[in-house]
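Participant: Residue numbers for the sequence shown follow our numbering, beginning at 65 and rising by one.
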Amino acid sequence: MEFTSSTPAKQQSSGERIQNFLSYARSIFFTDLLIYLYTAVCGTFSLCGSFFDAHGRWQHGCARVWSWLILKTSRIDLRVEGLENIEPGKTVIFCSNHPSAMDIPILFVSLPVQFRFLAKRGLFHVPFLGWHLRRSGHIPVDRGRPREALKGFDQAARRIKEGRPVVVFPEGSRSRTNEMLPFKSGTFYLAVLSGVPVVPITIVGSREVLKPDSYHIRRGQVRVIIHKAIPTAGLTVNDVVDLSRRVREQIVSGLPATPSRPGVHTERNIRP
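Quick look at the structure:
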């Protein structure tokens, strides 16, 4: 566990070091403990309700409450842009960058539609969280075993055919740097074979709130940019690479400019 600041230690004033330590202590002894409690309580309600709701509305509602509690307790100011790019009742595949573990509750709160995640199989073994994921119809993917991963994509295809949007992190896992990882092709094969549009999503600021492999949750602002859908009707498997490139370009267009990503930043009016 770490409690470093984005400012190098040698440049920090004593006040900044104290503030950083207090932030770390609040996270470990207050925020993190409450998140475990929220997970246990909401997971239990979700599990119980799943026996009476075969469509997943109750479970999705529990997940949104769980996520809202996490964001409020963590003092995250969430701003969402592009909600007009989501058509109610339309089946799509949402593709998002994945800089932080906080992205999951962020997306539950940001997206005003029911959806299912393609999630790492290991999450399904976490008490309460895993029970909720399984009973809610979220889809496990074992990326380390290609044959098992194909089964996960088959499940996703069935969900899509049932009219259920799916959320995918095409990087496959969280990036440990400020750069996105290469995209896995399976997501885009799924989109082409299903013939449904892909909606790129850019998450900005979640890494600063919760860095990878850290338990230190910091107060901060997170922006979610929902881009216009990219249609896949008429595409074939030969178009998968180009589709992946187009989705990646849209996601990157919402990220702040860096020395390795010059000129991609555009100013936006973020609406809560």
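All residues carry an ideal CB built from backbone N, CA and C; glycine is no exception.
If I measure Cβ to Cβ from Ser-131 and keep anything under 6 Å in the same chain, skipping five residues before and after, which residues do I get?
Facilitator: Closer than 6 Å at Cβ, skipping near neighbours: Pro-169, Phe-172 and Val-173.
Participant: State the start and end residues of the unbroken beta strand (DSSP E) segment that holds Pro-169.
Facilitator: Pro-169 -> not in any beta strand (DSSP E); alpha helix (DSSP H) instead, spanning 167-174.
Participant: What residue range is occupied by the uninterrupted alpha helix (DSSP H) comprising Val-232?
Facilitator: It is not in any alpha helix (DSSP H) - Val-232 instead sits in the beta strand (DSSP E) that spans 230-232.
Participant: Would you tell me roughly how many angstroms separate the C-alpha atoms of Thr-95 and Asn-302, rounded to the nearest one?
Facilitator: Roughly 47 Å separates the two Cα atoms.
Participant: In chain order, what residues of the same chain lie with their CB nearer than 8 Å to the CB of Arg-128, ignoring the 5 residues before and after it?
Facilitator: Closer than 8 Å at Cβ, skipping near neighbours: Phe-172 and Val-173.
Participant: Quick check on the DSSP output: the alpha helix (DSSP H) that includes Val-177 runs from which residue to which?
Facilitator: Here Val-177 belongs to no alpha helix (DSSP H), and DSSP marks it neither H nor E.
Participant: Report the three-state DSSP secondary structure of Ala-118 (helix, strand or coil).
Facilitator: Note: Ala-118 maps to coil in three-state DSSP.
Participant: Quick check on this structure: which residue in Glu-226, Leu-86, Gly-236 and Gly-227 has the alpha carbon closest to the alpha carbon of Pro-204?
Facilitator: Of the candidates Glu-226, Leu-86, Gly-236 and Gly-227, the one whose C-alpha sits nearest the C-alpha of Pro-204 is Gly-236.
Participant: Can you list, in chain order, the residues of its chain with a C-beta nearer than 6 Å to that of Phe-192? Leave out the 5 residues immediately preceding and following it.
Facilitator: If we look at Phe-192 and ignore the five residues flanking it on each side, its Cβ neighbours are Thr-103, Ala-104 and Gly-107.
Participant: Among the residues of its own chain, which have a CB less than 8 Å from the CB of Gly-194, if the five just before and after it don't count?
Facilitator: Closer than 8 Å at Cβ, skipping near neighbours: Leu-187 and Phe-188.
Participant: Looking at Arg-180: is its Cβ nearer than 7 Å to the Cβ of Arg-228?
Facilitator: It is a contact, given that the beta carbons lie within the stated cut-off.
Participant: Could you work out which residue in Ile-294, Ser-138 and Ala-297 is closest to Leu-98 when comparing CA atoms only?
Facilitator: Taking only the C-alpha atoms, the option nearest Leu-98 is Ser-138.
Participant: For the alpha helix (DSSP H) containing Val-305, list its first residue and its last residue.
Facilitator: Run containing Val-305: 304-317, per the alpha helix (DSSP H) assignment.
Participant: Output needed for Val-268: all residues of its chain with C-beta closer than 6 Å, excluding positions within five of it in sequence on either side, in chain order.
Facilitator: Closer than 6 Å at the Cβ level, and outside the excluded window around Val-268, lie Arg-287.
Participant: May I ask you to verify whether the stretch 257-267 touches the stretch 312-319, counting CB pairs closer than 8 Å and requiring at least 3?
Facilitator: Yes: the two stretches touch, three or more of their Cβ pairs being nearer than 8 Å.
Participant: Tell me which same chain residues have a C-beta within less than 6 Å of the C-beta of Ala-255, skipping the five on either side of it?
Facilitator: Excluding positions up to five away in sequence, the list reads Ile-157, Val-262 and Thr-296.
Participant: Only counting the same chain, and skipping five residues up and downstream in sequence, which positions put a Cβ closer than 6 Å to that of Ser-114?
Facilitator: The answer, listed in chain order, is Gln-123 and Arg-199.
Participant: Look up Ile-92 in the DSSP assignment and say whether it is helix, strand or coil.
Facilitator: Helix.
Participant: Please state if the CB of Phe-233 and the CB of Ser-308 are separated by a distance shorter than 7 Å.
Facilitator: Not a contact, by the Cβ cut-off of 7 Å.
Participant: Could you tell me the distance, in whole angstroms, from the CA atom of Met-244 to the CA atom of Ala-165?
Facilitator: Each residue's alpha carbon lies about 15 Å from the other.
Participant: Which of helix, strand or coil does DSSP assign to Ser-19?
Facilitator: There is simply no residue 19 to check, as the chain begins at 65 and stops at 336 in what is shown.
Participant: DSSP puts Gly-113 in a beta bridge; with which residues?
Facilitator: Gly-113 pairs with nothing; no bridge assigned.
Participant: Classify Tyr-100 as buried or exposed, calling it buried when 16 or more other Cβ atoms lie within 10 Å of its own Cβ.
Facilitator: So Tyr-100 counts as exposed.
Participant: Measure the Cβ-Cβ separation of Asp-206 and Arg-185 and say whether it is below 7 Å.
Facilitator: Yes.
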